[in-house]
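Q: As given, the protein sequences belong to chains A and B, one line each in that order.
Per numbering that gives the first Met the number 0, the first sequence starts with residue 0, numbered consecutively.
Per numbering that gives the first Met the number 0, the second sequence starts with residue 0, numbered consecutively.
The structure follows.
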Amino acid sequence: MLLDFDRLGWWKWMLVSITALVTLFLLLPIIFIAALSFGSSQWLIFPPPGWTLRWYEDLFADPRWLQSAWVSAKVAGAVTILSVVLGLLASLSLTRGRFRGREALRALFITPMILPVVVLAVALYAFFLRIGLSGTFVGFVLAHLVLALPFSIISISNALEGFDKSIEDAAILCGASPWEARLRVTLPAISHGLFAAAVFSFLVSWDEVVVAIFMASPTLQTLPVKIWTTLRQDLTPVIAAASTLLVLLTVGLMLLSLLVRKALKR
Amino acid sequence: MTAPFLQIRNIRKQYGDVVAVRDVELDIAKGEFMTFLGPSGSGKSTTLYILAGLQEPTSGDILLEGRTLLDTPSHKRNIGMVFQRYTLFPHLSVGENVAFPLRVRRKPKAEIDATVSRALKLVRLEGFADRMPAKMSGGQQQRVALARALAYDPPVLLMDEPLSALDKKLREEIQFEIKRIHQETGVTILYVTHDQEEALRLSDRIAVFSQGEIDQVGTGTELYAEPRTRFVAEFIGDSDFLKGRVERAGDGRADIRLGNGFMVSAVPTHGDAGPGRDVALMLRPERISLFRAEKPRSLAATVRDVTFLGNNTHVQAETETREQVAIRLPFGHESAAGLQSGNAVWLGFDPSSARAFC
């Protein structure tokens, strides 16, 4: 091979150092936050003068933090379910359908990924204000659904494209009605795609802050919004603790998805 | 006589201006092994898909035991089908795959278990029930697909080029299995292939498809001995064609003058053989005799290529009118000894073994 890693000589070490630096650059803020959340100083001083679990105690003692975490989970859960169901239906028509404007429709579904989030957030805010959805749970879910759907459609469409339609036909010839065939044969066969769609959708909603700030009301706040508003009021290490838990859950979910996808693909 | 078991009545499939299947008409007897043979795009697979209900015909009807199939949706037709591609359900084991049609039909568990083991035994895959499809070879997967399609005792089994993805040796092995299974079960089989050897090996009768139509239906022997169109003659077996012109015609036979003035008399004809018409004279390579010395009533030619193939020697010769003729000599034939490119030879044939297509 032209670019055989083992034959690059000193270039090899340069590549290794660059990779290490980039990785550090990406990881350090997270590691700092995690370290600070255990630090005893209440001014977010690094290195921490001592270690404590006090901020976690504060976090779990404050019902507002718990409540916002619960809102986050509810919104992300609802977004996940809707995103997978709608993503599946949209993907079925985008990969199987033969109709005019199919490619345009596919592009339209993907646009929320490309559009600046803040533009989307302002537009949704203005729209929801007019139809009375702003500050409501439904509005929150719908707004995040717009962001999550492209991820869902991409994962499910990919899985569907790798699935031979003849297999579904075979199930129908075996006596299964078209929907029974899809449920019992197609869905299990593309389960890795459905699972990926669910994980992506959950995460998109779970740690989304820009749209969430526009959708939130004093009584309806997700965890990232709570972190953001708290940060603007006072700089307490409780924020670091909340952020650390947020990161932990995300990493946990990613690891879980990796394991499950491996098991599903066998 | 009772009504035919399966009747294909004037089936037509049109996409816009393109006619994929043109008024196909065919009766199939119970227990028959019928093959649709033809090149790709000849309408054979489309006809099969219409039988399966996976495509709708533009017009025409399909009758099974006298009753139309067309108003029954695919999943209620109770027809078995083996596809060209591997269609085992990837998340189910072999046993669960075969059990699927029975589960869908809500059969009791004991019956399902008994049927699955019987079906797997039929395709000689006992002991594979717990295997996942991904862990099996292509040939094994197609045998499981066959077991799955037969598990619910369908009156008709459709097979759409099920062996085309397999290598030649495996293909022959499974052809033999299919033939045995056909004999054991007595199921009526409609088999689609573009491989004439496969068609000849398996079928009771063959329907030759060309451009959306059935050119001819018959047993392999009939199609080889009495092809009714040039297409059938070319598709079944090897054939040589020489250009000629009708001199005299009548009673299904014609006297034909070849390019260099050579006359062939009383050749059986197909098509409209009026005097003066251009025709293609078809000869079978193994029915042509080859002489090293000039003979009366034979065609002069020059050898262009000699290939020894064990039981046969293939000779490629060129006539005076620069037409190519293939000749097949059995091993040990006296004319084959020392024959090489450039030799002058004389070709003889019995006019009754030739056919003329107009």
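Ideal Cβ placement from N, Cα and C applies to all residues, glycine included.
Note that this is a predicted model, so its numbers are computed, not measured.
Please check the pair Thr301(B) and Glu317(B), which I expect to be a contact at CB under 8 Å, by giving their CB distance rounded to whole angstroms.
A: Within the second sequence, the letter at position 302 stands for residue 301(B). Within the second sequence, the letter at position 318 stands for residue 317(B). Sure, about 5 Å apart at Cβ, within 8 Å.
Q: Could you name each continuous beta strand (DSSP E) segment of 3 residues or more that falls completely within the stretch 232 to 303 of chain B, going from the start of the chain to the end?
A: 239 to 249, 252 to 257, 262 to 269, 277 to 282 and 288 to 290
Q: Check whether the Cβ of His193(B) lies closer than 7 Å to any Cβ atom in chain A.
A: The residue you call residue 193(B) lines up with position 194 of the second sequence. No, no contact with chain A.
Q: Report the rounded CA-to-CA distance for Thr135(A) versus Lys261(A), giving the unit in angstroms.
A: Taking the first sequence and counting its residues from 1, one reaches residue 135(A) at position 136. Taking the first sequence and counting its residues from 1, one reaches residue 261(A) at position 262. If I take the Cα positions, the gap works out to 38 Å.
Q: Would you report the Cα separation of Phe175(B) and Leu63(B), rounded to the nearest angstrom?
A: Taking the second sequence and counting its residues from 1, one reaches residue 175(B) at position 176. Taking the second sequence and counting its residues from 1, one reaches residue 63(B) at position 64. If you take the alpha carbons of Phe175(B) and Leu63(B), they lie about 28 Å apart.
Q: Throw me the rounded Cβ distance for the Leu88(A) and Val210(A) pair, which I believe falls under 8 Å.
A: In the first sequence, residue 88(A) corresponds to position 89, counting from 1. In the first sequence, residue 210(A) corresponds to position 211, counting from 1. With 8 Å as the limit, Leu88(A) and Val210(A) do not qualify as a contact, their Cβ atoms being about 23 Å apart.
Q: Let me know if Val250(A) comes out buried or exposed under the rule of 16 or more other beta-carbons within 10 Å of its beta-carbon.
A: Residue 250(A) sits at position 251 when you count from the first residue of the first sequence. Exposed: under 16 other Cβ atoms inside 10 Å.
Q: Among Gln210(B), Arg170(B) and Arg229(B), which residue has its Cα nearest to the Cα of Arg200(B)?
A: Counted from its first residue, the second sequence places residue 200(B) at position 201. With distances taken between Cα atoms, Arg200(B) lies closest to Arg170(B).
Q: Do Glu172(B) and Thr192(B) count as a contact pair if the criterion is CB distance below 7 Å?
A: To locate residue 192(B), count along the second sequence from 1; it is residue 193. To locate residue 172(B), count along the second sequence from 1; it is residue 173. Not a contact, by the Cβ cut-off of 7 Å.
Q: Checking contacts by CB at 7 Å: is Leu53(B) closer than that to chain A?
A: By one-based count along the second sequence, residue 53(B) stands at place 54. Output row for Leu53(B): interface = yes.
Q: Under 8 Å: do the stretch 49 to 59 of chain A and the stretch 168 to 186 of chain A share three or more Cβ pairs, one atom per stretch?
A: no
Q: Do we get a CB-CB distance below 7 Å when we pair Pro161(B) with the residues of chain A?
A: As a working mapping, residue 161(B) is identified with position 162 in the second sequence. Cβ-Cβ to chain A under 7 Å: no for Pro161(B).
Q: List the residues of chain B whose Cβ lies closer than 9 Å to the Cβ of Ser154(A), in chain order.
A: Sequence index remark: in the first sequence, residue 154(A) carries index 155 (1-based). The contacting residues do not exist; Ser154(A) stays about 18 Å from chain B at best.
Q: Please list, in chain order, the chain B residues whose beta carbon lies closer than 7 Å to that of Ser176(A).
A: The residue labelled residue 176(A) in the question sits at position 177 within the first sequence. Within chain B, the residues near Ser176(A) are His74.
Q: By the 10 Å Cβ neighbour count, where 16 or more other Cβ atoms means buried, how is Trp64(A) classified, buried or exposed?
A: To locate residue 64(A), count along the first sequence from 1; it is residue 65. It counts as buried.
Q: Flag Thr218(B) as yes if its beta-carbon sits less than 7 Å from any beta-carbon of chain A, otherwise no.
A: As a working note, residue 218(B) is residue 219 in the second sequence. Judged by the 7 Å Cβ criterion, Thr218(B) is not in contact with chain A.
Q: Evaluate Gln232(A) with the Cβ neighbour count: other Cβ atoms within 10 Å of its Cβ, from every protein chain shown; 16 or more gives buried, anything less gives exposed.
A: Reading the first sequence from its first residue, position 233 is the one you call residue 232(A). It counts as exposed.
Q: With 9 Å as the C-beta to C-beta threshold (strictly closer), list the residues of the stretch 74 to 91 of chain B near chain A in chain order.
A: His74, Lys75, Arg76, Asn77, Ile78, Gly79, Met80, Val81, Phe82, Gln83, Arg84, Tyr85, Thr86, Leu87, Phe88, Pro89, His90 and Leu91
Q: Measuring only between beta-carbons, confirm whether Val122(B) sits less than 7 Å from chain A.
A: Residue numbering aside, residue 122(B) sits at position 123 when the second sequence is read from its first letter. So, not an interface residue.
Q: If the cut is a Cβ gap below 9 Å, which residues of chain B does Glu179(A) touch?
A: Taking the first sequence and counting its residues from 1, the one referred to as residue 179(A) is at position 180. The contacting residues are His74 and Val103.
Q: Whole angstroms are fine: how far does the CA of Leu186(A) sit from the CA of Phe99(B)?
A: As a first step, residue 99(B) is located in the second sequence; it is residue number 100 there, counting from the start. As a first step, residue 186(A) is located in the first sequence; it is residue number 187 there, counting from the start. Looking at the two C-alpha atoms, the distance is approximately 15 Å.
Q: For Tyr151(B), which residues in the same chain have their Cβ closer than 6 Å to its Cβ, ignoring the five residues on either side in sequence?
A: Against the second sequence, residue 151(B) aligns to sequence position 152. Here Tyr151(B) has Pro100 as same chain residues with Cβ atoms under 6 Å from its own Cβ, once five neighbours each way along the sequence are excluded.
Q: Please list the segments of the alpha helix (DSSP H) lying wholly inside the stretch 149 to 204 of chain B, counting only runs of 4 or more residues, in order along the chain.
A: As for any alpha helix (DSSP H) of minimum length 4 sitting wholly inside the stretch 149 to 204 of chain B, the runs are 167 to 184 and 195 to 201, ordered along the chain.
Q: By the criterion of Cβ-Cβ separation under 7 Å, what are the contact partners of Pro100(B) in chain A?
A: Start at 1 with the first residue of the second sequence, and residue 100(B) comes out as number 101. Correct list: Cys173 and Gly174.
Q: How would you list, in chain order, the residues of chain B whose beta-carbon sits under 8 Å from the beta-carbon of Val259(A)?
A: One-based indexing of the first sequence puts residue 259(A) at position 260. None at all; the shortest Cβ gap to chain B is about 14 Å.
Q: Return the residue from the list Ala248(B), Gly243(B) and Asp277(B) that minimises the CA-CA distance to Met262(B).
A: Within the second sequence, the letter at position 263 stands for residue 262(B). The option with the nearest alpha carbon to Met262(B) is Gly243(B).
Q: How close, in whole Å, do the beta carbons of Ile61(B) and Pro153(B) come, if the pair is a contact with beta carbons under 8 Å?
A: In the second sequence, counting from the first residue as 1, residue 61(B) sits at position 62. In the second sequence, counting from the first residue as 1, residue 153(B) sits at position 154. Wrong, their Cβ atoms sit about 15 Å apart, outside the cutoff.
Q: Between the Cα of Ser44(B) and the Cα atoms of Ser351(B), Ile213(B), Ala272(B) and Glu285(B), which residue gives the shortest distance?
A: Residue numbering aside, residue 44(B) sits at position 45 when the second sequence is read from its first letter. The shortest Cα separation from Ser44(B) among Ser351(B), Ile213(B), Ala272(B) and Glu285(B) belongs to Ile213(B).
Q: Indicate whether Leu157(B) and Leu298(B) have their beta-carbon atoms separated by less than 7 Å.
A: Start at 1 with the first residue of the second sequence, and residue 157(B) comes out as number 158. Start at 1 with the first residue of the second sequence, and residue 298(B) comes out as number 299. No. Outside cutoff.
Q: I'd like to know whether the C-beta atoms of Leu25(B) and Ala206(B) end up nearer to each other than 7 Å.
A: Numbered from its first residue, the second sequence carries residue 25(B) at position 26. Numbered from its first residue, the second sequence carries residue 206(B) at position 207. The Cβ atoms of Leu25(B) and Ala206(B) lie closer than 7 Å to each other.
Q: Who are the Cβ neighbours of Arg147(B) in its own chain at under 6 Å, not counting the five residues just before and after it?
A: Residue numbering aside, residue 147(B) sits at position 148 when the second sequence is read from its first letter. Once the five neighbours on either side are set aside, the close Cβ partners of Arg147(B) are Asn96 and Val97.
Q: Out of Glu322(B), Gln54(B) and Arg123(B), state which residue places its alpha-carbon closest to the alpha-carbon of Gly42(B).
A: Locating residue 42(B) in the second sequence gives position 43, counting from the first residue. Ranking the options by Cα distance to Gly42(B), first place goes to Gln54(B).
Q: Report the residue from Asp163(A), Leu234(A) and Ala147(A) whose alpha carbon sits nearest the alpha carbon of Ala195(A).
A: The residue you call residue 195(A) lines up with position 196 of the first sequence. Closest option to Ala195(A), judged by alpha-carbon separation, among Asp163(A), Leu234(A) and Ala147(A): Ala147(A).
Q: Would you mind sorting Tyr14(B) into buried or exposed? The rule is 16 or more other CB atoms within 10 Å of its CB.
A: By one-based count along the second sequence, residue 14(B) stands at place 15. It counts as exposed.
Q: Within the continuous alpha helix (DSSP H) that includes Glu221(B), where are the two ends?
A: Locating residue 221(B) in the second sequence gives position 222, where the first residue counts as 1. Unbroken alpha helix (DSSP H) run through Glu221(B): Gly219 to Ala224.
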